[in-house]
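**Student:** In this note's numbering, the protein residues as written are 1 to 536. Think of the CB as a built atom: it goes at the ideal place given N, C-alpha and C, for glycine as much as any other residue.
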Ligand code: FEO
Ligand code: CA
Ligand code: CA
């Protein structure tokens, strides 16, 4: 995609995203060392206790306002999608960091809310179309008002939807399942931002929508999907499970085949000194793998090599077809390897991990943090955050060391880490993702609702895990993203009331209360505490 934003300008105003993207680790260490030391005298941060309330509860010194909720009109034709996840703020110009575009992922649908489908009658085509429209992403022009609160600029010409109905071309030399473009993007979970200011939105549980192919028979696997979209739109499963790049200024999108096809949680980019890119991405499924792509040309997301992590040996193993006799025996060509990525990774010795979710690069030391949310198959319910240290801190290295960085558990006060973000002072923030069906049950019961957690980098509380927010009932907090000045944290509240058996029996009424329908929403968190944590 065209580098439509001046790179320098973009980096100056990106805020959090810029830290890990384009500055060398040495420069980062120098740049942020002063800031980090200055934090050592911060006041004691008092967190909150786990809560079972149907509310977005925040630590003292924080407040929130809602930016957009499911169903809100964003222009004359379009409405905000369902189950918001990843967010990223892209400032529009270098004069005003308080005016920009907010990208929001819309991951999946809950039919009882989105289409009114409750299983009592066959799903109609109209219902499928409503559901298709509710996933993908939203692009919202947002501005900070004089009172310091953010608001969506209604009907701004840049407000638009990308959905499960948007035609999106493949960025690849060959067609995918006979076509040069897919219809729609879906399962949009987490993501990333490129050094040139475009969004990477990742198609995670794609098989829920159009199923998955059994590549031995060529047929769709039976029972591998439950939304019944294929009843009316029989699109090939191979068209989903990719990393999708979207230019938020134009809505132009493309699917990047070179990054492989799996249940991508996120795509986290590091730009090397010579302009080549390293992209880390995890396959969020039980016992699936961690990948990294190293481009062979500056700024390219199509030319380069994809590697899978072998964490036992500390090696990145190449998935390049022409270099591997094993791949040549089992697959037709490189495209086939990328389409059937899980199988290729397994035969080459990729390490099965405990559901690799979000990935962030530590802005101070260049370490790669990978949230390993849990592995119920292995009775690992609480998960951990893994630290991966590339050899010589070179993100293009093919060897690394890895270890547990933070372990979930009742003692540490969190379970199932998912999305992460570093603030401007290099403190780590992360969210938890205990599944709706297991929340409030053993072994998770003492942790109550999902939350947002804070890990101070320096000072007397360094390394402690402090709960800063508690989600409404059944909800998960996702997509934390800091505004350029670090004084606003954009955050998604996803799937409140997900366990509701019907719209007559709702388990959550957030955010409007009373008997209202729960609304997935993006909020802006601000307050004295956040300001104090970012102060020079
Ligand atoms: Fe959609 Fe891996 O969470
Ligand atoms: Ca996630
Ligand atoms: Ca998750």
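Please confirm if the region 448-455 is in contact with the region 469-477, defined as three or more CB-CB distances below 8 Å between the two stretches.
**Tutor:** Contact between the region 448-455 and the region 469-477 is present, because at least three Cβ pairs lie under 8 Å.
**Student:** Relative to the C-alpha of residue 159, which residue among 229, 101, 136 and 254 is closest?
**Tutor:** Position 159 of the chain shown, counting from 1, holds the residue named residue 159. The shortest Cα separation from residue 159 among 229, 101, 136 and 254 belongs to 101.
**Student:** Mind checking whether the beta-carbon of residue 435 lies closer than 8 Å to any heavy atom of ligand 1?
**Tutor:** Mapped onto the chain shown, residue 435 falls at position 435. No, ligand 1 has no heavy atom inside 8 Å of this Cβ.
**Student:** So does the region 195-214 actually touch the region 222-240, counting three or more Cβ pairs closer than 8 Å?
**Tutor:** The region 195-214 vs the region 222-240: in contact.
**Student:** Give me every residue whose Cβ sits closer than 5 Å to any heavy atom of ligand 1, in chain order.
**Tutor:** With the cut-off at 5 Å, the residues found are 189, 204, 265, 284 and 357.
**Student:** Beta-carbon within less than 6 Å of residue 398's beta-carbon, same chain only, minus the 5 sequence neighbours each way: which residues are those?
**Tutor:** One-based indexing of the chain shown puts residue 398 at position 398. 316, listed in sequence order.
**Student:** Based on the DSSP secondary-structure assignment, which residues constitute the bridge partners of residue 219?
**Tutor:** Translated into positions along the chain shown, residue 219 becomes position 219. Paired residues: none, contrary to the question.
**Student:** For residue 230, does the three-state DSSP call read helix, strand or coil?
**Tutor:** Numbered from 1 along the chain shown, position 230 holds the residue referred to as residue 230. Residue state, collapsed to three classes: helix.
**Student:** Which residues bound the alpha helix (DSSP H) around residue 255?
**Tutor:** Here residue 255 refers to the residue found at position 255 when the chain shown is read from its first residue. Per DSSP, residue 255 belongs to no alpha helix (DSSP H); it is in the beta strand (DSSP E), 253-256.
**Student:** Measuring alpha carbon to alpha carbon, tell me which of 369, 69, 49 and 484 ends up nearest residue 60.
**Tutor:** Your numbering for residue 60 matches position 60 in the chain shown. Measuring from the Cα of residue 60, the nearest candidate turns out to be 49.
**Student:** Does DSSP put residue 239 in a helix, a strand or coil?
**Tutor:** Counted from its first residue, the chain shown places residue 239 at position 239. Three-state result, residue 239: helix.
**Student:** Enumerate in chain order the residues of its own chain whose CB-to-CB distance from residue 92 is below 6 Å, with the five nearest sequence positions on each side excluded.
**Tutor:** Residue mapping note: residue 92 aligns to position 92 of the chain shown, counting from 1. Cβ within range, chain order: 99 and 100.
**Student:** With the cut-off set at 9 Å, would you say residue 326 and residue 308 are in Cβ contact?
**Tutor:** Locating residue 326 in the chain shown gives position 326, counting from the first residue. Locating residue 308 in the chain shown gives position 308, counting from the first residue. The answer is no: Cβ separation not under 9 Å.
**Student:** For residue 255, count the other beta carbons within 10 Å of its own beta carbon; 16 or more makes it buried, fewer makes it exposed. Which is it?
**Tutor:** The sequence position of residue 255 within the chain shown is 255, counting from 1. Classification for residue 255: buried.
**Student:** Taking DSSP as the reference, what is the three-state secondary structure of residue 294?
**Tutor:** Walking along the chain shown from the start, residue 294 turns up at place 294. It is a strand residue.
**Student:** Ignore the nearest five residues each way along the sequence and tell me which others in residue 466's own chain have a CB closer than 6 Å to its CB.
**Tutor:** Mapped onto the chain shown, residue 466 falls at position 466. So the list reads 45, 47 and 454, once near-sequence residues are dropped.
**Student:** Rounded C-beta distance between residue 64 and residue 524? I'm assuming under 8 Å.
**Tutor:** Position 64 of the chain shown, counting from 1, holds the residue named residue 64. Position 524 of the chain shown, counting from 1, holds the residue named residue 524. The Cβ separation is near 6 Å, so the contact holds.
**Student:** Report buried or exposed for residue 162, applying the criterion of at least 16 other Cβ atoms within 10 angstroms of its Cβ.
**Tutor:** On the chain shown, residue 162 is found 162 positions in, with the first residue counted as 1. Looking at its Cβ environment, which holds 16 or more other Cβ atoms inside 10 Å, residue 162 is buried.
**Student:** What is the DSSP secondary structure of residue 31, counted as helix, strand or coil?
**Tutor:** Numbered from its first residue, the chain shown carries residue 31 at position 31. Only weak support exists for where residue 31 lies, its pLDDT of 30 falling under 50; the value from the coordinates is given anyway. It is helical.
**Student:** Below 8 Å, is the gap between the Cβ of residue 419 and the nearest heavy atom of ligand 2?
**Tutor:** On the chain shown, position 419 is the one that residue 419 refers to. Yes.
**Student:** Excluding the 5 residues flanking residue 180 on each side, which residues of the same chain have their C-beta closer than 8 Å to its C-beta?
**Tutor:** Looking up residue 180 in the chain shown gives position 180. 169 and 170, listed in sequence order.
**Student:** Give, in chain order, every unbroken run of the alpha helix (DSSP H) that is at least 4 residues long and sits entirely within the region 69-128.
**Tutor:** Listed in chain order, the complete alpha helix (DSSP H) runs (minimum 4 residues) inside the region 69-128 are 111-114.
**Student:** Near residue 533, what residues of its chain come up, given a Cβ to Cβ distance below 7 Å and the 5 sequence neighbours on each side ignored?
**Tutor:** Looking up residue 533 in the chain shown gives position 533. Once the five neighbours on either side are set aside, the close Cβ partners of residue 533 are 42, 423, 425 and 427.
**Student:** For residue 526 and residue 374, I'd like the C-alpha separation in whole angstroms.
**Tutor:** As a first step, residue 526 is located in the chain shown; it is residue number 526 there, counting from the start. As a first step, residue 374 is located in the chain shown; it is residue number 374 there, counting from the start. Rounded to the nearest angstrom, the two C-alpha atoms are 30 Å apart.
**Student:** Taking 8 Å as the cut-off, is the C-beta of residue 85 nearer than that to any heavy atom in ligand 2?
**Tutor:** For the purposes of this step, residue 85 is taken as the residue at position 85 of the chain shown. Indeed, a heavy atom of ligand 2 lies less than 8 Å from the Cβ.
**Student:** Measure how close the beta-carbons of residue 492 and residue 85 come, nearest whole angstrom, since I'm counting them as under 8 Å.
**Tutor:** On the chain shown, position 492 is the one that residue 492 refers to. On the chain shown, position 85 is the one that residue 85 refers to. So it is a contact: roughly 6 Å between Cβ atoms.
**Student:** Tell me whether residue 79, by its Cβ, gets closer than 8 Å to a heavy atom of ligand 2.
**Tutor:** As a first step, residue 79 is located in the chain shown; it is residue number 79 there, counting from the start. For ligand 2, not one heavy atom lies less than 8 Å from the Cβ of residue 79.
**Student:** Looking only at its own chain, which residues have a Cβ that is under 8 Å from the Cβ of residue 296, when we skip the five neighbours before and after it?
**Tutor:** Locating residue 296 in the chain shown gives position 296, where the first residue counts as 1. Excluding sequence neighbours, residue 296 sits near 276, 303, 304 and 305.
**Student:** Can the beta-carbon of residue 184 be found less than 9 Å from the beta-carbon of residue 135?
**Tutor:** Numbered from 1 along the chain shown, position 184 holds the residue referred to as residue 184. Numbered from 1 along the chain shown, position 135 holds the residue referred to as residue 135. Taking 9 Å as the Cβ cut-off, residue 184 and residue 135 qualify as a contacting pair.
**Student:** Taking the alpha helix (DSSP H) that residue 528 falls in, what are its first and last residues?
**Tutor:** Here residue 528 is taken as the residue at index 528 of the chain shown, counted from 1. 528-534 is the extent of the alpha helix (DSSP H) around residue 528.
**Student:** Assuming residue 360 and residue 369 form a contact by the criterion Cβ under 8 Å, report the distance between their Cβ atoms to the nearest whole angstrom.
**Tutor:** The residue given as residue 360 occupies position 360 in the chain shown. The residue given as residue 369 occupies position 369 in the chain shown. Confirmed, about 5 Å.
**Student:** Please find out if some non-hydrogen atom of ligand 2 comes closer than 8 Å to the beta-carbon of residue 478.
**Tutor:** As a position in the chain shown, residue 478 is number 478, starting the count at 1. Correct: residue 478 has its Cβ closer than 8 Å to ligand 2.
**Student:** Should residue 52 go down as buried or exposed, given a rule of 16 or more other Cβ atoms within 10 Å for buried?
**Tutor:** Your numbering for residue 52 matches position 52 in the chain shown. By the 10 Å Cβ count, residue 52 comes out exposed.
**Student:** I'd like to know if the region 121-134 and the region 457-466 are in contact, where contact means that at least 3 CB-CB pairs between them fall below 8 Å.
**Tutor:** Contact fails: fewer than three Cβ-Cβ distances are below 8 Å.
**Student:** Thinking C-alpha only, which one of 312, 514 and 279 is nearest residue 400?
**Tutor:** Position 400 of the chain shown, counted from the first residue, corresponds to residue 400. Nearest option by C-alpha distance: 312.
**Student:** Any idea if residue 391 is buried or exposed, counting beta-carbon neighbours within 10 angstroms, 16 or more meaning buried?
**Tutor:** The sequence position of residue 391 within the chain shown is 391, counting from 1. So residue 391 counts as exposed.
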